[in-house]
Amino acid sequence: MTQDEMKEKVAAAALEYVENGTIIGVGTGSTANKFIDALAAKKEAILGAVASSNATAERLRANGIRVVDLNQALSEVDSLAVYIDGADEFDPAKCLTKGGGGALTREKIVAAASDRFVCIVDQSKQVPYLGAFPLPIEVIPMAEALISAEVRKLGGTPQRREGFTTDNGNIIIDVTGLEIHDGLALEDRLNALPGVVTNGIFAHQRADIILMGTPDGVVTL
Ligand code: 5RP
Numbered sequence: 005m006t007q008d009e010m011k012e013k014v015a016a017a018a019l020e021y022v023e024n025g026t027i028i029g030v031g032t033g034s035t036a037n038k039f040i041d042a043l044a045a046k047k048e049a050i051l052g053a054v055a056s057s058n059a060t061a062e063r064l065r066a067n068g069i070r071v072v073d074l075n076q077a078l079s080e081v082d083s084l085a086v087y088i089d090g091a092d093e094f095d096p097a098k099c100l101t102k103g104g105g106g107a108l109t110r111e112k113i114v115a116a117a118s119d120r121f122v123c124i125v126d127q128s129k130q131v132p133y134l135g136a137f138p139l140p141i142e143v144i145p146m147a148e149a150l151i152s153a154e155v156r157k158l159g160g161t162p163q164r165r166e167g168f169t170t171d172n173g174n175i176i177i178d179v180t181g182l183e184i185h186d187g188l189a190l191e192d193r194l195n196a197l198p199g200v201v202t203n204g205i206f207a208h209q210r211a212d213i214i215l216m217g218t219p220d221g222v223v224t225l
């Protein structure tokens, strides 16, 4: 089975976690895109979807799925029933690195507004600890040099993502060279730096369920 086929299988499997009459959160990326395409078959059953990026909102609309602004959604319901999204890597505690597509801030907001987070990945994303994938940090542009210096003090190597602006008008600094054994602590430490909007460690907003595509089928973790 190809990586693409594994993504299709987990995307289809995630439909089981979508309950009728709910508003759900939808992530960003190639795996989330496959989920959106699969969700089209259930579009009449849900009240709508909150998108984690402009690209996801466009794809939802193209599939005839009602896109709901998060503030509007939370005036209709207490919380989103489920958030479904991919990840760049996940560790045994279901902590994630996200933001390869640059949508980490809105992804974290929508995840935080959801009752549970179902993460859809292929098996290439499984790691013993986070850090193999460069850690994205969304930064207010004027703070680039400051945050880069702070990241070097932590042992990381920062690199600005060239030619990329987030949906929120900010830059992304990708950090290599970190071995992340305490995701909660590093997530908090980075978020405390003035100028950081969000970092891509999802330890506070870790997955509740991981659907992992393998050549033998979908494994639920
Ligand atoms: C986007 C993300 C994506 O979930 C992550 O990059 C995984 O993407 P893909 O499903 O294409 O492998 O965090 O900001």
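Numbering (the working numbering), first residue to last: 5 to 225. By construction, the Cβ of each residue, glycine as well, lies at the ideal position given by its N, Cα and C atoms.
Inclusion of Ile28 and Ile88 in the CB contact set at 8 Å is warranted, their separation being smaller than that value.
Within the same chain, Gly106, Ile175, Ile176 come within 8 Å of Phe168 by CB-CB distance, once the 5 residues on both sides are set aside. Remark: three or more beta-carbon pairs, one from each stretch, lie closer than 8 Å, so the region 107-116 and the region 194-205 are flagged as touching.
In this structure, the C-beta of Glu23 stays at least 7 Å away from each heavy atom of the ligand 5RP. Inter-segment contact for the region 142-151 and the region 192-200 is present: three or more beta-carbon pairs are separated by less than 8 Å. Looking from the CA of Val86, the closest CA among Asn172, Gly135, Glu20 belongs to Glu20.
Taking non-hydrogen atoms of the ligand 5RP into account, the C-beta of Lys102 is found less than 7 Å away from one of them.
In the structure shown, Glu48 adopts coil according to DSSP, grouped into three states. Ranked by how close their Cα comes to the Cα of Ile213, the residues Phe121, Thr170, Ala136, Gln76 have Phe121 in first place. Counting every other CB atom within 10 Å of its CB across the protein chains shown gives Glu166 a total below 16, marking it as exposed. Comparing alpha-carbon positions, the option among Pro219, Glu93, Leu108, Asp178 lying closest to Pro132 turns out to be Glu93.
Residue burial annotation: Leu188 is exposed, with fewer than 16 other C-beta atoms found within 10 angstroms of its C-beta.
Taking a C-beta distance under 8 Å as the contact criterion, Arg70 and Ala42 do not qualify as a contact pair. Rounded to whole angstroms, the separation of the alpha carbons of Thr6 and Asp220 is 11 Å. For Ile175, the enclosing beta strand (DSSP E) covers residues 175-180. Considering only Gly160, Asn24, Ala91, Leu190, the residue with the shortest C-alpha distance to Val179 is Gly160.
In the three-state reduction of the DSSP assignment, Gln163 falls in the strand class. Taking C-alpha positions only, Asn37 is separated from Leu64 by approximately 9 Å.
The beta carbons of Met216 and Val14 sit about 7 Å from each other, so the pair counts as a contact at 8 Å.
Spatial neighbours of Glu12 in its own chain (CB-CB distance under 6 Å, excluding positions within 5 residues in sequence) are listed in chain order as Lys38. Looking at the DSSP output, Met216 sits in a beta bridge with Val125, Val223. Counting the other Cβ atoms within 10 Å of the Cβ of Arg156 gives fewer than 16, which makes it exposed. Rounded to the nearest angstrom, the Cβ distance from Lys47 to Gly33 is 20 Å, too far for a contact under 8 Å.
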